[in-house]
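Inspection log for the structure reproduced underneath, given as structure tokens.
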Amino acid sequence: AQWPDARVVHRLDMDTSGLLIFARGADAQRTLSRAFEQRQVQKRYVALAAGTPSMQTGTVDLPLIVDWPNRPRQIVDPIHGKPSVTHWRLLASQGSTCRLELEPITGRSHQLRVHLAAIGHPILGDPLYAPEDVRAMYPRLCLHASAVAFPHPAHGAPMAFECEVPF
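For the sequence shown, this note's numbering assigns the number 724 to the initial residue and increments by one for each residue that follows.
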């Protein structure tokens, strides 16, 4: 292997494309993991979703919890769910779909997918949270990790990366 000391710092949902952070060694991994915990990492995603929101920007603040009988699905649960916040911005709309920029403030499993479905704009191609007609609109999940910024694990200098959206 070219980088045998490379270690995964975070994960993307299996069907999500885009940027993924790896660390070179255990110390860098710990430092970057701490940056995630302390919300020093800014992530942006782009999604194609059904419908068009009535506003240009918004925030979804809905607590999420694992739907144990239907794992790996997550559900909104105002009583037992963990706080989950997503900011969104309308980038474009065309016909019955829209392109949204998403910024998760928390990082729950399936957070972006559940939040968009909960506000009536499920992601195209989503096999878990979109109704069949929306699922069939695209052959894959239209969710892409397009940008990430974080402090360098050794010296703290700001680092930022972007990745072109494939859909």
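From the three backbone atoms N, C-alpha and C, an ideal C-beta is built for every residue, glycine too.
Everything numeric in this text was worked out from a predicted model, so none of it was measured.
For the pair F890 and C865, the Cα-to-Cα distance works out to about 7 Å. Setting aside the 5 residues that flank it on each side, L814 is surrounded in the same chain by R822 and E824, each with a C-beta closer than 6 Å to its C-beta; the list follows chain order.
In terms of Cβ geometry, L847 and T809 do not form a close pair [threshold 8 Å].
About 6 Å separates the beta carbons of P806 and T829, which is inside the 8 Å limit, making them a contact pair. When secondary structure is reduced to three states using DSSP, R863 falls in the coil class, being assigned neither helix nor strand. No Cβ-Cβ contact shorter than 8 Å links S740 with T775. Within the DSSP bridge table, the entry for L813 names L823 as partners.
Between the beta-carbon of A746 and that of P876 there is about 6 Å, and that keeps the pair under the 8 Å contact cut. Distance between Q834 and A770, taken at the CA atoms: about 13 Å. Checking the DSSP bridge columns, you'll see D784 partnered with V808. Under DSSP, L771 shares a beta bridge with R822. The beta-bridge partner set that DSSP reports for Q779 is empty.
Take the alpha-carbon of L735 and the one of L743: they are about 7 Å apart.
Assigned with DSSP and collapsed to three states, E885 falls in strand.
Between A870 and E885, the beta carbon gap of about 5 Å places them in contact (Cβ cut-off 8 Å).
DSSP, read as helix, strand or coil, puts F759 in helix.
With a cutoff of 8 Å on beta-carbon distance, A749 and P845 are scored as not near each other. In the assembly as shown, H867 is a buried residue. Its beta-carbon has 16 or more other beta-carbons within 10 Å.
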